[in-house]
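J.: Note that our numbering numbers the sequence shown so that position 278 is 558, with each residue one more than the last. The beta carbon of each residue, even a glycine, is placed where N, CA and C say it ideally should be.
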Amino acid sequence: MQFDVILIGAGIGGLSAALALQQQGLRVAVCEQASEPFVGGAGLVLGASGEGVLQKLGLGEALNDLAVRPSRIAFRHFQTGRLLAETTAATGCQAGRTDLQRALIAAIHSNTRDCLHPGHALVDIGQDANGITALFAGRQMLRGSLLVACDGLRSPVRARLIGDEQPRFTGYQVWQGLVPMAHLSAAAAGLGEADTWIAPGQQLGCRRINRGAQLTWLALARSNRWSDEAWQKPSGIDSVLTAFRGFDAVARTVLMATPREQALTRGVFVRDPLPAWTQGRVALLGDAAHPVAPFIDQATDLALEDAMILARAIAAAGPTPEALQRYAAARIPRANALMIAAEARGARLTTLNPDTYVASAAEDAGYDPVTAPV
Ligand SMILES: Cc1cc2nc3c(=O)[nH]c(=O)nc-3n(C[C@H](O)[C@H](O)[C@H](O)COP(=O)(O)OP(=O)(O)OC[C@H]3O[C@@H](n4cnc5c(N)ncnc54)[C@H](O)[C@@H]3O)c2cc1C
Numbered sequence: 281m282q283f284d285v286i287l288i289g290a291g292i293g294g295l296s297a298a299l300a301l302q303q304q305g306l307r308v309a310v311c312e313q314a315s316e317p318f319v320g321g322a323g324l325v326l327g328a329s330g331e332g333v334l335q336k337l338g339l340g341e342a343l344n345d346l347a348v349r350p351s352r353i354a355f356r357h358f359q360t361g362r363l364l365a366e367t368t369a370a371t372g373c374q375a376g377r378t379d380l381q382r383a384l385i386a387a388i389h390s391n392t393r394d395c396l397h398p399g400h401a402l403v404d405i406g407q408d409a410n411g412i413t414a415l416f417a418g419r420q421m422l423r424g425s426l427l428v429a430c431d432g433l434r435s436p437v438r439a440r441l442i443g444d445e446q447p448r449f450t451g452y453q454v455w456q457g458l459v460p461m462a463h464l465s466a467a468a469a470g471l472g473e474a475d476t477w478i479a480p481g482q483q484l485g486c487r488r489i490n491r492g493a494q495l496t497w498l499a500l501a502r503s504n505r506w507s508d509e510a511w512q513k514p515s516g517i518d519s520v521l522t523a524f525r526g527f528d529a530v531a532r533t534v535l536m537a538t539p540r541e542q543a544l545t546r547g548v549f550v551r552d553p554l555p556a557w558t559q560g561r562v563a564l565l566g567d568a569a570h571p572v573a574p575f576i577d578q579a580t581d582l583a584l585e586d587a588m589i590l591a592r593a594i595a596a597a598g599p600t601p602e603a604l605q606r607y608a609a610a611r612i613p614r615a616n617a618l619m620i621a622a623e624a625r626g627a628r629l630t631t632l633n634p635d636t637y638v639a640s641a642a643e644d645a646g647y648d649p650v651t652a653p654v
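#1: Quick one: what's got a C-beta closer than 7 angstroms to P634's C-beta in the same chain, skipping five residues either side?
#2: Between the alpha carbons of H463 and A610, how many angstroms are there, rounded?
#3: So the alpha helix (DSSP H) I589 belongs to, where does it begin and stop?
#4: Does the beta carbon of C430 fall short of 8 angstroms from some heavy atom of ligand 1?
#5: How big is the Cα-Cα spacing for F658 and N410?
#6: For D345, report the span of its alpha helix (DSSP H) as first-last.
#7: According to DSSP, is R505 part of a helix, a strand, or is it coil?
#8: Quick one, which of L295, R551 and S390 has its alpha-carbon nearest M588's?
#9: In three-state terms, what does DSSP make of D648?
#10: In terms of alpha-carbon separation, which member of Q302, L471, C373 and E445 lies closest to T392?
#11: Touch check for the segment 418-434 and the segment 552-572: three-plus C-beta pairs under 8 angstroms?
#12: Short of 7 angstroms in beta carbon distance, which residues of its chain neighbour C430, apart from the five on each side in sequence? Order them along the chain.
#13: Pick out whichever of Q578, R349 and Y637 has its Cα sitting closest to the Cα of R362.
#14: Is R611 close to ligand 1? I mean its beta-carbon at under 8 angstroms from any heavy atom of the ligand.
#15: My understanding is that I375 touches L326, with C-beta atoms under 8 angstroms, so please give their C-beta distance in whole angstroms.
#16: For T476, is the classification buried or exposed, using 16 other Cβ atoms within 10 angstroms of its Cβ as the cut-off for buried?
#17: Can P599 and G424 be called in contact, C-beta distance under 9 angstroms?
#18: Please list, in chain order, all residues of the same chain as Q282 whose beta carbon is under 7 angstroms from its beta carbon, the five residues on each side excluded.
#19: Give the straight-line distance between the Cα atoms of R448 and R502, rounded to the nearest whole angstrom.
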């Protein structure tokens with residue numbers, strides 16, 4: 281059997297693309313190197329564009345169940361917790377990465393049971409005039425009209441397409457964690473639905489997820505330790521507590537309450553924006569195409585936007601190289617602009633003075649992948 285589209289990687293990008301393509305009536309395979317349930321990570325923040333895609337994919341109700349929409353985001357002084365600024369408009373919504381992946385997997389399964397192929401690590405690709413052959417470890421093989429690599433920050437397909445460019449270390453380390461609210465009774469009174477502590481060269485964001493039952497946090501700090509660019513466990517609690525030792529008691533209580541197995545860390549690495557994401561019948565999507573540094577909360581939005589535009593391009597031009605070119609042409613300017621904006625925010629964080637802090641809005645709000653030209 282020949283699939284219309286073979287997607288490599290079952291992160292948010294691959295899963296949302298699968299669902300969007302299924303909705304267009306296409307035969308899709310998602311091949312993931314990990315064995316089931318291939319879920320993981322802490323929290324994700326979604327803006328209006330990402331949420332709009334999930335609604336279009338029929339996941340609006342699931343999102344209502346698993347996400348929290350904060351009425352405000354409070355920005356606080358790192359030492360005292362004093363309120364510096366707050367955002368009350370366009371606060372987006374926040375959810376657990378695992379919860380969102382599970383919701384996407386359930387929706388894909390409800391369409392067809394044979395779309396997801398766990399334990400499929402891509403090792404080689406061949407293209408000819410009629411299609412693409414994907415070869416996996418263990419010598420399994422699939423045929424498709426197109427292959428879209430949603431294989432993340434360290435995309436092996438990107439390395440094949442573009443060459444082995446080396447990522448740049450930004451001088452920052454990031455930690456993420458997940459804490460049950462029940463572990464936080466002492467600090468809970470001082471926590472809102474979304475709080476961010478600001479220090480020169482450091483930031484700690486805490487957000488409630490899962491109907492408020494859990495809290496997810498993301499901490500960024502300057503680091504001269506050249507750590508890996510993949511998420512690693514166990515990080516981390518000791519190193520984050522050392523890096524954030526000057527932070528106020530509420531912030532530190534959150535870090536200390538995090539179960540060791542629920543903390544991840546990695547170095548923040550960036551790659552330069554690419555001028556092209558396709559080669560014949562192969563294209564890149566999500567972090568594989570545009571790894572956005574976590575100085576802005578839009579990596580997941582971008583992956584969801586890619587998924588919607590990809591499905592619309594293939595619906596318009598069929599599963600052809602032309603559809604991939606239309607997809608890439610529609611997406612590259614926005615994704616590359618956000619990569620540049622994220623790096624600029626990282627540079628500003630280094631010299632940030634909490635006493636003169638002004639909250640920044642989401643970059644380029646107002647983009648709608650459901651209606652944007654393809
Ligand atoms: C384990 C994990 C935890 C994460 N946790 C968080 C988090 O807590 N918060 C956050 O903001 N972001 C997190 N991210 C990143 C976030 O999911 C992405 O930035 C964003 O959602 C875009 O996702 P993506 O689908 O493009 O890539 P990813 O989410 O990175 O997914 C890529 C997928 O491709 C698979 N893959 C890679 N190589 C191959 C291969 N050769 N063959 C088959 N499959 C392959 C990987 O196993 C992975 O499942 C995490 C990513 C991962 C992989």
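T.: Well, looking at it:
#1: Hits under 7 angstroms: H357, F358, L364, I478 and A479.
#2: Going by the C-alpha atoms only, they are around 45 angstroms apart.
#3: DSSP places I589 in the uninterrupted alpha helix (DSSP H) bounded by A579 to A597.
#4: Correct: C430 has its Cβ closer than 8 angstroms to ligand 1.
#5: The chain is shown from 281 up to 654; residue 658 falls before or after that span and cannot be answered.
#6: Counting along the chain, the alpha helix (DSSP H) containing D345 begins and ends at G340 to L346.
#7: Three-state result, R505: coil.
#8: Ranking L295, R551 and S390 by Cα distance to M588 puts L295 first.
#9: D648: coil per DSSP, three-state reduction.
#10: Minimum Cα distance to T392 is reached at Q302.
#11: Taking 8 angstroms as the limit for Cβ pairs, the verdict is that the segment 552-572 does touch the segment 418-434.
#12: Answer for C430: L287, I288, G289, G291, G293, G294, A297, L565, G566 and A568, listed in chain order.
#13: Nearest to R362 by alpha-carbon distance, out of Q578, R349 and Y637, is Y637.
#14: The beta carbon of R611 sits no closer than 8 angstroms to any heavy atom of ligand 1.
#15: Ile is not the amino acid found at residue 375; the sequence shown has Ala there. Indeed they touch by this definition, with Cβ atoms about 7 angstroms apart.
#16: By the 10 Å Cβ count, T476 comes out buried.
#17: Contact flag set, yes.
#18: Contacts found: G411, R423, G424 and S425.
#19: Taking C-alpha positions only, R448 is separated from R502 by approximately 14 angstroms.
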